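In terms of our numbering, the sequence shown opens at residue 63 and continues consecutively.
Backbone N, C-alpha and C define an ideal beta-carbon position, used for all residues, glycine too.
As the structure is a prediction and not an experimental result, all values here were calculated from the model.
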Amino acid sequence: MARRYTSFLSQLHIDDTAGWIAILLGLGILLFVFRPKEAHGQQVAVRPGQRGSGGGTPAKPTSYAGWKILMCLTCIRVEGAEFGIMPDELETLKNLAGTCELYLYSLVSSDEEEDQVKRVLEKEGVYAAGLKPHRVVFCSTLIGKQAIARQLLPSLLLESDKDVVSYMAEHVAHLGYVTTTPASITLKPNTMNAPSVSAYLAKLIS
């Protein structure tokens, strides 16, 4: 190939520098005009929890199936002394248990409270829907919750505590601040507030 170009150029009999510059400029223009064009409007495949460009705003997902999700049980708990799951959230919980790598965590003050949570999850069919028992984690302090969330590093964190939300916003791709009475905190681009888990998931992929 190099010999062909040398032979071709020698036939041009161009001895002056200006002539060579003109040829090089011409070749540069041809390469620019006929360069491969990028496809516009092409969709980008998003892996679970993948962030968008810049690392702050996450890419818009179309599904959360298969994601590693960590949910605080307070997000779906019925208010009261004994643990119970909100009826409107039970089917959502079962769906996540069957389609995602779901982890549940909660603050408890005793072994009895921990056992009660496990009994309710079994009674309501959450284990049968796909939740692994070893993925239900308990702790007794807020620092413990933060440590659990940081260690698991889920694709999506569903949390109702403002301190955990503020702490974890820098470490997860998607964060749901699930509460009907949100505190006055600045939400990061990857964080959305919603009154329920179901409402948040609908906003996430809408």
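Simplified DSSP assignment, three categories, for residue i
i: L219; result: strand
i: S168; result: strand
i: M254; result: strand
i: H236; result: strand
i: S268; result: coil
i: T151; result: Note that residue 151 corresponds to Glu in the displayed sequence, not to Thr. Three-state result, E151: helix.
i: I138; result: helix
i: G247; result: The amino acid occupying residue 247 in the given sequence is Ile; Gly does not appear at that position. Correct three-state label for I247: coil.
i: E163; result: strand
i: E100; result: Low confidence applies here, because E100 scores a pLDDT of 39, under 50, leaving its location unreliable and the question unanswered by this model.
i: K130; result: strand
Buried/exposed call for residue i, threshold 16 Cβ in 10 Å
i: E221; result: buried
i: V140; result: exposed
i: L218; result: buried
i: D173; result: exposed
i: P216; result: buried
i: A235; result: buried
i: A264; result: exposed
Cut-off 6 angstroms between Cβ atoms - residues of its own chain near residue i, not counting five sequence neighbours on either side
i: E133; result: Here residue 133 turns out to be Met, not Glu, going by the sequence shown. L166, L220, listed in sequence order.
i: C162; result: W129, I131
i: T154; result: V259, S260
Sequence-distant residues of the same chain with beta carbon closer than 7 angstroms to residue i, five excluded per side
i: A159; result: V188, A191, G192, L193
i: L169; result: C201, S202, K207
i: T124; result: I267
i: I138; result: I147, M148, E151, L155, V259
Span of the beta strand (DSSP E) around residue i
i: F145; result: That residue, F145, is in no beta strand (DSSP E); it is neither H nor E in DSSP.
Limits of the alpha helix (DSSP H) - the one that residue i falls within
i: S228; result: 224 to 230
i: R197; result: No alpha helix (DSSP H) contains R197, which DSSP labels as neither H nor E.
i: K180; result: 173 to 185
i: A211; result: 204 to 214
i: A190; result: 188 to 191
Query raised in the report: Does the count of Cβ pairs from the segment 227 to 243 and the segment 253 to 264 closer than 8 angstroms reach three?
Result: yes
Query raised in the report: Would the segment 174 to 191 and the segment 211 to 219 be scored as touching if the rule is three or more Cβ pairs under 8 angstroms?
Result: no
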